[in-house]
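Enquirer: Would you mind keeping the following structure in view while I ask a few things?
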Amino acid sequence: MSEKPVDPTVVVVLPGGGGEPLAKALEAQLKAGAPPAPPVTHELWGEGEGQVTVGGAVLPYKVKVEGLVLRHEDEGHAQVRVSVTTYLRPGAAPGARPITFCFNGGPGSSSVWLHLGALGPRRVLLTPELSPRPPFVLSDNAHTLFEESDLVFVDPPSTGWSRAQAGQDAKTWHGVTADVEAMSELIRLVLTREGRWASPIFLAGESYGTTRVAGIALRLHERFGVSLSGLVLISCAIDIGTLEFHPGNDLPYVVILPTLAATSWYHLGREGDLNELLAEVEEFALEDYGPALMKGARLPADERRVIAERLSLFLGLSREYIERCDLRVSLERFIKELLRDRRRTVGRLDGRFVGADRDGGGEISEYDPSFSSILGPFTAALHQHMHSLGVRRDDEYRIITEKVNPWRWDGAENRALNMSEALRKVMVQQPHLQVFAASGLFDLATPYMATDYTFDHLVLDGSVQSRIQHERYPAGHMMYVHEPCLVQLKSHLSGFYARCLGAEE
């Protein structure tokens, strides 16, 4: 018998339950006259059953935690194992029951935030200040999206338990294009394995997860012919140019202004209705502030003074400081300056939170108090939940990691990444695709007006533009950790899914 080429990096499961390189396995099996064992395509790590009560209805579910192996399209060798947690409704007809693939952002974040904070059947219990005392509690989520859809929470390569396979370089997937391609292939694989090609398919993303979802949506359409029912975009980062503060880019200063004003309103105890204030600041930003910045050195001194005085009124900072900043108060400067007299900083993900730096005179904050307050509870809850499902892994579950850096911003060389065109293309080519966006009024990382700007510049006609719904919540980047906002979000998502499925037509 002639020798057959084999790939020694692929692992197979042998009849005895062990594993060894495919070359040795094939050699032994061929000598024994047995056909080669198929390569591993997935690893089941844990599973369980449960139920959650939503609106008085008891919803049973099955949950499984597994590693799905993505393979080279042409050569077939294993490339990366992706950790996935899936919640399925027993007995539901695949053709009628939606399925939603959920991604967080970073880049470098696992899916724990959407999983145990917003959409899954279980969620972390937090205090109003988001800082409960240990031990942390995981409870049923009465506001889960599982009422509307089966849920698949995906950890991109190098996050969670997702790892490059033997002989593969993890850096391969640490970039915009490779990430989109890998996650699109993961979705294709799940649809095939679970028999869900006939299901209404949704994608949900948060922060950079919205960047990812926009790219995946177009990739699924063009490469695999997948038609989507809806996109859920939480704390949008579609056009990074609206978020990056650097010389020559005045746009972020304009679109963040209402969020800075909201944060000042919250901390300085200003009188008046917040929504009325925001409407006033939005008008000022578009009609006066933006045009003033465009004039640059041509801005007359009297106009400059008027703009500085209005900014001082809205932001709670001195006119002199604003003029020293050339009318441009960056995010980092605002975080340090607003409460400098108290030696306090404000949060980036949620401007309502307060931190304390060692250096009260510095320009850059040491940490984000709105993130540090939730990291511990979510980390503990994730590991406890996995343990309850029978998962016994010794390797680290990476909640959030720097191992994906440096991230390759391919497709955005010498400019800021903008996935707006991908979103536009897929919305135009799929006439039934609906988009839902959620923004926090106190989110300084992805300001709500930046999302408005992105949607307003998609160059869509009215019939397509009307398929976009953008809701605002009086909270931060992860508005769902504030339970009243989670209740609102659930209500909005229920209506959105009904509309996507034609129930409101």
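Following the working numbering, the numbering of the sequence shown begins with 30 at its first residue and continues without gaps. Glycine included, C-beta positions come from ideal geometry on N, C-alpha and C. On a predicted model such as this, the values are computed, not experimentally measured, just so you know.
1. Quick check on Val358: buried or exposed, where buried means 16 or more other Cβ atoms within 10 Å of its Cβ?
2. Quick check on this structure: which residue in Pro185, Gly196, Arg217, Leu218 has the alpha carbon closest to the alpha carbon of Trp202?
3. Is the beta carbon of Leu280 within less than 7 angstroms of some heavy atom of the ligand MN?
4. DSSP three-state call for Tyr295: helix, strand or coil?
5. Answer yes if the stretch 367-385 comes into contact with the stretch 487-501, meaning at least three C-beta pairs across the two stretches below 8 angstroms, and no otherwise.
6. Where do the N-terminal and C-terminal ends of the alpha helix (DSSP H) with Pro406 fall, by residue?
7. If you drop the 5 nearest sequence neighbours on each side, which residues of the same chain put their C-beta closer than 7 angstroms to that of Pro281?
8. Mind checking which residues open and close the beta strand (DSSP E) that includes Val585?
9. Work out the CA separation of Gly325 and Leu23 for me, nearest whole Å.
10. Buried or exposed, going by whether 16 or more other CB atoms sit within 10 Å of the CB of Tyr90?
11. Please confirm whether Gly77 and Val433 have their CB atoms less than 8 angstroms apart.
12. Buried or exposed: where does Val335 fall if 16 or more other Cβ atoms within 10 Å of its Cβ makes it buried?
13. With a threshold of 16 other CB atoms inside 10 Å of the CB of Asp397, please say whether the residue is buried or exposed.
14. If you draw a straight line from the alpha carbon of Met415 to that of Pro276, how long is it in whole angstroms?
15. Is Val331 helix, strand or coil when you go by DSSP?
16. Buried or exposed for Arg437, going by 16 or more other Cβ atoms inside 10 Å?
17. Measuring alpha carbon to alpha carbon, tell me which residue in Ser213, Ser178, Val510, Ile245 is nearest Ala121.
18. DSSP on Lys363, reduced to helix/strand/coil?
19. Taking just the CA atoms, how far does Asp355 sit from Trp142?
20. Under the DSSP definition of a beta bridge, which residues are partnered with Leu73?
21. In the DSSP assignment, find the unbroken alpha helix (DSSP H) run with Ile351 in it and report its ends.
22. Please determine, among Ala504, Met478, Val111, the residue with the shortest C-alpha to C-alpha distance to Glu312.
23. Hey, Val255 and Leu249 are a contact pair by Cβ (cut 8 angstroms); roughly how many whole angstroms apart?
24. Specify whether the stretch 164-183 and the stretch 511-520 touch according to this definition: at least 3 beta carbon pairs, one from each stretch, less than 8 angstroms apart.
25. Leaving aside the five residues before and after Gly47 along the sequence, list all residues of the same chain whose C-beta is less than 6 angstroms from its C-beta, in chain order.
26. Can you tell me whether DSSP reads Gly244 as helix, strand or coil?
27. Could you give the distance in angstroms between the alpha-carbon of Arg8 and the alpha-carbon of Gly79?
28. Compute the beta-carbon to beta-carbon distance between Ser191 and Val261, rounded to the nearest angstrom, for a pair I have assumed lies under 8 angstroms.
29. DSSP has Gln498 in a bridge; who is on the other side?
30. Classify Ser449 as helix, strand or coil using the three-state DSSP reduction.
31. With DSSP run on the structure shown, which of helix, strand or coil describes Arg118?
32. Give me the residue from Arg299, Glu176, Gly146 with the minimum Cα distance to Gly524.
33. Go to Gly543, then tell me how far its alpha helix (DSSP H) extends in each direction, as first and last residue.
34. What are the start and end residues of the beta strand (DSSP E) that includes Phe175?
35. For Ala321, which residues from the same chain have a beta carbon less than 8 angstroms from its beta carbon, with the 5 sequence-adjacent residues on both sides left out?
36. Taking only the alpha-carbon atoms, compute the straight-line gap between Gly345 and Gly137 and give it to the nearest angstrom.
Expert: Considering the structure as presented:
1. Numbered from its first residue, the sequence shown carries residue 358 at position 329. Under this definition Val358 is a buried residue.
2. Taking the first residue of the sequence shown as 1, we reach residue 202 at position 173. For the residues Pro185, Gly196, Arg217, Leu218, the minimum Cα distance to Trp202 belongs to Pro185.
3. The ligand MN is not part of this structure, which contains no ligands at all.
4. Walking along the sequence shown from the start, residue 295 turns up at place 266. It is helical.
5. no
6. Taking the sequence shown and counting its residues from 1, the one referred to as residue 406 is at position 377. Segment 398-417, the alpha helix (DSSP H) holding Pro406.
7. Within the sequence shown, the letter at position 252 stands for residue 281. Around Pro281: Thr271, Leu272, Glu273, Phe274.
8. In this structure the chain extends from 30 to 534, so residue 585 is not present and cannot be described.
9. Residue 23 lies beyond the range of the chain shown here (30 to 534); nothing can be said about it.
10. Sequence index remark: in the sequence shown, residue 90 carries index 61 (1-based). Its Cβ being crowded by 16 or more others within 10 Å, Tyr90 is buried.
11. In the sequence shown, counting from the first residue as 1, residue 77 sits at position 48. In the sequence shown, counting from the first residue as 1, residue 433 sits at position 404. Their beta carbons are not under 8 angstroms apart, which means Gly77 does not touch Val433 by this criterion.
12. Locating residue 335 in the sequence shown gives position 306, counting from the first residue. So Val335 ends up on the exposed side.
13. Counting from 1 along the sequence shown, the entry for residue 397 is found at position 368. With 16 or more Cβ atoms within 10 Å of its Cβ, Asp397 is classed as buried.
14. If you number the sequence shown from 1, residue 415 lands on position 386. If you number the sequence shown from 1, residue 276 lands on position 247. Each residue's CA atom was taken as its position, placing Met415 and Pro276 some 46 angstroms apart.
15. Taking the first residue of the sequence shown as position 1, residue 331 is located at position 302. Strictly speaking, residue 331 in this sequence is Asp, with Val absent from that position. In this structure, Asp331 counts as helix in the three-state DSSP scheme.
16. Here residue 437 refers to the residue found at position 408 when the sequence shown is read from its first residue. So Arg437 counts as buried.
17. Translated into the one-based positions of the sequence shown, residue 121 becomes position 92. Taking only the C-alpha atoms, the option nearest Ala121 is Ser178.
18. Position 334 of the sequence shown, counting from 1, holds the residue named residue 363. According to the sequence displayed, residue 363 carries Phe and not Lys. The answer is helix: DSSP assigns Phe363 an H, G or I state.
19. Here residue 142 corresponds to residue number 113 of the sequence shown, with the count starting at 1. Here residue 355 corresponds to residue number 326 of the sequence shown, with the count starting at 1. Cα-Cα distance, rounded: 38 angstroms.
20. One-based indexing of the sequence shown puts residue 73 at position 44. In the DSSP output, where bridge partners are listed per residue, Leu73 has Glu95.
21. For the purposes of this step, residue 351 is taken as the residue at position 322 of the sequence shown. Note, Ile351: alpha helix (DSSP H), 348-353.
22. Locating residue 312 in the sequence shown gives position 283, counting from the first residue. Ranking the options by Cα distance to Glu312, first place goes to Met478.
23. In the sequence shown, counting from the first residue as 1, residue 255 sits at position 226. In the sequence shown, counting from the first residue as 1, residue 249 sits at position 220. Indeed they touch by this definition, with Cβ atoms about 4 angstroms apart.
24. Verdict: yes, contact present.
25. As a working note, residue 47 is residue 18 in the sequence shown. Confidence at Gly47 is low in this model, with a pLDDT of 39, below 50, so its placement is unreliable and the value that follows should be read with caution. Same-chain partners within the cutoff: there are none.
26. Translated into positions along the sequence shown, residue 244 becomes position 215. Three-state result, Gly244: helix.
27. Because residue 8 is not part of the residues shown, which for the chain are 30 to 534, the question remains open.
28. For the purposes of this step, residue 191 is taken as the residue at position 162 of the sequence shown. For the purposes of this step, residue 261 is taken as the residue at position 232 of the sequence shown. Contact between Ser191 and Val261 fails: their C-beta atoms lie close to 22 angstroms from each other, not under 8 angstroms.
29. Position 469 of the sequence shown, counted from the start, is the residue given in the question as residue 498. BP columns for Gln498 point to Phe465.
30. Position 420 of the sequence shown, counted from the first residue, corresponds to residue 449. Ser449 carries a helical assignment under DSSP once its states are collapsed to helix, strand and coil.
31. What you label residue 118 is simply residue 89 of the sequence shown in a count that begins at 1. The answer is coil: DSSP assigns Arg118 none of H, G, I, E or B.
32. For the purposes of this step, residue 524 is taken as the residue at position 495 of the sequence shown. Nearest option by C-alpha distance: Glu176.
33. One cannot answer for residue 543 here, as it falls past the ends of the chain, which runs 30 to 534.
34. Here residue 175 refers to the residue found at position 146 when the sequence shown is read from its first residue. Premise fails: Phe175 is in no beta strand (DSSP E) and is neither H nor E.
35. Working through the sequence shown from its first residue, we reach residue 321 at position 292. When the five nearest sequence neighbours on each side are left out, the beta carbons in the same chain lying within less than 8 angstroms of the beta carbon of Ala321 are those of Leu328, Glu332, Arg333, Ile336, Leu356, in order along the chain.
36. The residue you call residue 345 lines up with position 316 of the sequence shown. The residue you call residue 137 lines up with position 108 of the sequence shown. Those two C-alpha atoms are separated by around 35 angstroms.
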